[in-house]
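Heads up, the thing below is written out as structure tokens.
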Amino acid sequence: MRDLKILHIQDTCTGCGACVSVCPKQCLTMVEDTDGFYYPYQVTDSCVECHLCEKACHIITQANNLSEVSNDTYIFWQKDEHVRQMSSSGGAFSLFAQYVIDNGGIVFGSRYNSERERLEVTSSDDCGLAPLRKSKYVESYVGDSFREIAQQLKANRMVLYCGTPCQAAGLRQYLSLRKISDKKLLLIDFACHGVPTNKLFTAFKRTLEDSKSKVTAVDFRYKALNDKNDNWHSATMKVDYKSGNKKIIYTNSSFYFGYYYFFYCSICLRLSCYNCHQVDHSEADVTIGDFWDIYKYKKELDDNKGISFLKFNNPKWVGLFKDLASTHFVEKLPNGVLTDPYNKRNKLRLLAEREKFLGLMRKFGYKKAKRKYYGVKGYVKYYIIFSLKALIRRLILKIEL
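The sequence shown runs 5 to 405 under this note's numbering.
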């Protein structure tokens with residue numbers, strides 16, 4: 005076996021899979037490690053030392069593939085109440101995605117595969133648009149999606165891809181290396197808190213199941229627009245079962261406190277997330293996310309139904325956005341209003357806590373690791389504090405709305 009450089013960057017590898025996709029000899033594949041994260045693994049000795057895997061790696065090359073830069077930032081929400089409800093924030097992704105599909109294009113995003121128990125990048129040709137909407141707080145398996153996107157672009161079809169900033173950087177570098185035109189590519193990334201392990205999510209999911217019914221889908225950001233207490237700010241979770249039953253998990257639930265709290269506290273993320281290379285730079289055309297700073301900017305606009313921000317990293321699709329958004333709510337933000345909501349620069353200090361928790365997971369499994377991580381006093385203390393904060397937020401919103 006060749007000693008490939010791509011196999012020795014575990015601390016910084018983002019799992020984008022560009023190295024696997026570009027290999028002409030199919031020497032590499034993505035394999036899940038003991039903590040539940042995907043890394044490249046050499047499966048054959050047919051390597052010809054072309055070093056394309058290294059050139060495709062956006063961490064090793066640190067390439068900047070954007071020729072123009074823009075700082076235009078907007079807030080937006082859909083006037084269509086149904087689309088807004090079915091979106092995590094204001095429906096910015098759906099605005100672009102529906103346009104692409106209506107014009108014969110194809111949309112790539114992530115949906116949960118309940119049979120394989122993992123999040124996977126797939127296309128609207130396979131599943132339609134609905135499963136690709138909304139935030140999913142799990143690492144997504146890229147699979148052959150980069151190759152599929154390349155084929156669609158070569159066929160002169162419009163393509164929208166939405167993924168993490170690291171996936172967007174990986175795709176951009178992959179297409180550049182293969183000299184495939186991205187003229188018809190609309191590349192979107194999102195404000196990223198970090199990538200949590202699928203192993204933890206799967207263990208959490210199984211605590212919601214019983215022998216009679218398995219979980220088929222989880223909506224991490226369920227919204228019921230007719231309930232002011234169960235909306236954008238509440239971060240309620242909805243679980244769908246194979247039996248057809250549904251379960252609503254509120255923010256102050258002990259179930260929610262487990263998985264979501266570990267994600268929220270950044271102690272179950274991929275190693276590369278603790279020294280993120282995409283903090284000050286994005287290879288995507290557009291970055292979207294929740295505009296949580298609405299209460300600082302114009303509090304009166306916050307109806308608790310979801311507000312998106314869109315930051316255009318280049319001017320390529322600004323004109324299209326203005327045309328599409330003209331029948332919805334849109335407002336350009338002054339410079340400096342949009343801030344990083346997830347404090348990506350300040351995660352290195354959490355590495356020790358990550359190792360402590362994931363070490364317990366390796367040894368004891370999810371339920372016991374959760375108890376041992378907090379201890380009895382700590383669990384009660386943090387659960388009560390977390391629950392009280394959630395309750396107070398809900399009461400404040402109820403009063404204000």
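All C-beta atoms in this analysis are idealised placements derived from N, C-alpha and C, irrespective of residue type, glycine included.
Our two residues, H285 and Y264, have alpha carbons roughly 27 Å apart in a direct line. The count of Cβ pairs closer than 8 Å, one atom from the segment 114-124 and one from the segment 350-360, stays below three, leaving the stretches out of contact. Assignment of M241 by DSSP, reduced to helix, strand and coil, places it in the strand class. Under the DSSP assignment, Q177 falls in the alpha helix (DSSP H) whose first and last residues are 169-181. Between the segment 302-312 and the segment 83-103 there are three or more inter-stretch CB-CB distances shorter than 8 Å, so the stretches are counted as touching.
Where T65 is concerned, the enclosing alpha helix (DSSP H) starts and stops at 62-65. CA-CA distance, L179 to C20, rounds to 13 Å. If only uninterrupted beta strand (DSSP E) runs of at least 3 residues are considered, those enclosed by the segment 187-238 are 189-194, 219-226. In this structure C23 is in contact with C57, their Cβ atoms being roughly 4 Å apart against a cut-off of 8 Å. If you look at M34, you'll find it in the beta strand (DSSP E) that goes 32-36. Under the three-state reduction of DSSP, K250 is assigned to strand. The C-alpha of T38 is placed about 21 Å away from the C-alpha of L8. Taken through DSSP and simplified to helix, strand or coil, Q46 comes out as strand. The residue from K140, S127, E85, Q46 with its alpha-carbon nearest to that of T240 is K140. Across the structure, K187 and V163 are spaced so that their CA atoms are roughly 10 Å apart. In this structure, L175 and L157 do not form a Cβ contact; the two beta carbons are roughly 11 Å apart against a cut-off of 8 Å. Here the C-alpha atom of N75 lies approximately 13 Å from the C-alpha atom of E287.
In the DSSP assignment, N117 is bridged to R122. When DSSP states are grouped into helix, strand and coil, I105 belongs to the helix group. Assigned with DSSP and collapsed to three states, I10 falls in helix. The beta carbons of F361 and I271 sit closer together than 7 Å. A Cβ-Cβ contact shorter than 7 Å links R161 with G109. The beta carbon of I10 is closer than 7 Å to those of C23, P44, C57, E58, C61 in its chain, skipping five residues each way along the sequence. Burial check for P169: the Cβ neighbour count within 10 Å reaches 16 or more, so the residue is buried. Under the three-state reduction of DSSP output, S149 falls in the helix class. Between V199 and the set T343, C131, S144, the nearest pair of CA atoms involves S144. When the Cα atoms are used, Q14 and H332 turn out to be separated by approximately 44 Å.
Annotation: A101 to Y268 spans about 28 Å, alpha carbon to alpha carbon. The Cβ neighbour count for C131, taken over all protein chains shown within 10 Å, is under 16; the residue is labelled exposed. I292 sits close to F194, with the two beta carbons spaced by under 7 Å. Distance from the Cα of T220 is smallest, within the candidate group K372, T206, K227, V87, for T206. Ranked by Cα distance from H86, the first of F266, H281, K372, N230 is N230. For the pair K372 and G262, the CB atoms are not nearer than the 7 Å cut-off. Non-local C-beta neighbours of V111 in its own chain, meaning closer than 7 Å and more than five positions away in sequence, comprise A101, V104, I105, S127, S128, L133, L136, L164, ordered along the chain.
The Cβ atoms of G363 and N202 lie no closer than 7 Å to each other.
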